[in-house]
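First comes the structure, then the notes that go with it.
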Ligand code: ADP
Ligand code: MN
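Numbering (our numbering), first residue to last: 33 to 375.
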C-alpha cells in the first residue's frame, strides 16, 4: 500500500535527526530508526498495553533505499552552517518505523518536544558521547529538572510577524535559537533554544509554547488544553511509576490546535473516547457510521523516541524519567493556575 516514491520530507518535526518522512495522505510518519526502537514498540504492544496507549500508533516497518551519503540536497530545516546543525544527522540505516502522524488533522499544529531525563545515554553509549551528553545536561534544565525543550513549532497567527528578542542570537553565542518560517508564519525553536533556557525560565518556555496572543487565542481559551495535558502527564507518571523500564532520551510530544476557530470547535465537540466508541458499537452495530465526521482534536500527548528504551524487570521504576515527568507536571499545573487567574 506504500509507495516510497510519494514520500516527502516531514515538515512538522520539532527536533531530532533529519530524514523523517511523511506519506501522501499526511497521516503517517516514516522515521529511520534502530532495531532497538522497533523491538520496543513491538514489546510495548504485546506486553505493556497501558504504555502503548501513550505511544503513536505503530503501523509496522519499512526498508527504504538509503540515499547516498554524498547527496548534497539540503533537507528543509537544515539551514545551519556546517558543524552548527540544528538537527542531528540522518541515521545511517534503511530501517524505518511507520507511525501514526500525531500532528495529522490539526489545522495549525503547535508542537513541543520535551526530552526527558537528566541521564541521556544508555549502557551501550561510548564514554566520549556520555561525557558530551552529561555536559549538555548539567548546563541545562535536563540536569536541574529532568527535562528540556528539544524543539518547538508555534504558529504566530494569520498576520506575518516576528518576535525580535527570540530571533536575535543568544548573548555570547552566534547561533539563532528560533527562526520564523515565513511561508507558514511558524516560529521554529531549534535545539539551541532549550539549551539556553535557565532553570528559572522553564515555565516561561512553556508559556511561549502555550500563550500566543498574536494567534488570536485568549489565555482563558488555552486553559482547558493545558489542564488536559497536565491530567495526561499525570496519567503517564502514575503508569510509569508501576513499570520497570529504562528510557534514555525519550520525549513527551505535545501537539495542540493553534487555530482559534478550530480549537473552539474541538473543545466544544471533543472526539469520543475509545470507551464511548466501544459502547456505541455494541449498541447499534454499523448504523450511522457513514455520516460520522471525525471530530477535531484539541490536543494530543504521546511519548516518543525509543532508540534507547528497554523493559527492565527487577530494576524498579525509572526515576530518571519520573523526575522529568514530575517537573513537567508541576510546571503545567502552575501555568494552569496562572491561566485560571487571568480569566
Ligand atoms: P530522533 O531520534 O531523531 O530524535 P524522534 O522519534 O524524537 O527521533 O522524532 C524526531 C521528531 O519527529 C520529534 O521531535 C517529533 O517532532 C517528530 N515525530 C516523531 N514521531 C512522530 C509522530 N509519530 N508523529 C508526529 N511527529 C513525530
Ligand atoms: Mn528525539
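Here a beta-carbon is modelled for each residue, glycine too, at the ideal position from N, C-alpha and C.
By the 10 Å Cβ neighbour count, where 16 or more other Cβ atoms means buried, how is residue 191 classified, buried or exposed? Sequence index remark: in the chain shown, residue 191 carries index 159 (1-based). Burial call: exposed.
Local Cβ density within 10 Å of residue 180, reported as buried at 16 or more and exposed below that: For the purposes of this step, residue 180 is taken as the residue at position 148 of the chain shown. It counts as buried.
Using only the alpha-carbon positions, how far apart do residue 359 and residue 176 sit? Here the question's residue 359 lines up with position 327 in the chain shown. Here the question's residue 176 lines up with position 144 in the chain shown. Each residue's alpha carbon lies about 10 angstroms from the other.
Segment contact flag, the segment 209-219 with the segment 166-176, C-beta cutoff 8 angstroms, min 3 pairs: Too few Cβ pairs lie closer than 8 angstroms, so no.
Check each residue's C-beta against every heavy atom of the ligand MN and list, in chain order, those closer than 7 angstroms. Any heavy atom of the ligand MN within less than 7 angstroms of a residue's beta carbon puts that residue on the list, which reads 47, 48, 145, 147, 182, 281, 283, 336, 337.
I need the boundaries of the alpha helix (DSSP H) containing residue 355, first residue and last residue. Against the chain shown, residue 355 aligns to sequence position 323. Per DSSP, residue 355 belongs to the alpha helix (DSSP H) from 351-373.
Go ahead and label residue 53 buried or exposed: buried means 16 or more other beta carbons lie within 10 angstroms of its beta carbon, across all protein chains shown. In the chain shown, counting from the first residue as 1, residue 53 sits at position 21. Residue 53 is buried by the Cβ-count criterion.
The alpha helix (DSSP H) spanning residue 269 covers which residue range? Here residue 269 refers to the residue found at position 237 of the chain shown. Counting along the chain, the alpha helix (DSSP H) containing residue 269 begins and ends at 251-273.
Between 131, 66, 363, which has its C-alpha nearest residue 265's C-alpha? Sequence index remark: in the chain shown, residue 265 carries index 233 (1-based). Checking every option, the nearest Cα to that of residue 265 belongs to 363.
Within 10 Å of its beta-carbon, does residue 111 have 16 or more other beta-carbons around it, so buried, or fewer, so exposed? Within the chain shown, the letter at position 79 stands for residue 111. In this prediction, residue 111 scores a pLDDT of 46, lower than 50, which makes its location untrustworthy; no coordinate-derived value is stated.
CB residue 240 to CB residue 221, shorter than 9 angstroms? For this step, residue 240 is matched to residue 208 along the chain shown. For this step, residue 221 is matched to residue 189 along the chain shown. In contact: residue 240 and residue 221 (Cβ atoms closer than 9 angstroms).
Residue 50 - DSSP class collapsed to helix/strand/coil: Counted from its first residue, the chain shown places residue 50 at position 18. Coil, per DSSP.
Tell me, to the nearest whole angstrom, how far the beta carbon of residue 281 is from that of residue 147; I am working on the premise that it is less than 8 angstroms. By one-based count along the chain shown, residue 281 stands at place 249. By one-based count along the chain shown, residue 147 stands at place 115. About 6 angstroms separates the two Cβ atoms, so the contact holds.
Throw me the rounded Cβ distance for the residue 130 and residue 93 pair, which I believe falls under 8 angstroms. Numbered from its first residue, the chain shown carries residue 130 at position 98. Numbered from its first residue, the chain shown carries residue 93 at position 61. Contact between residue 130 and residue 93 holds: their C-beta atoms lie close to 7 angstroms from each other, under 8 angstroms.
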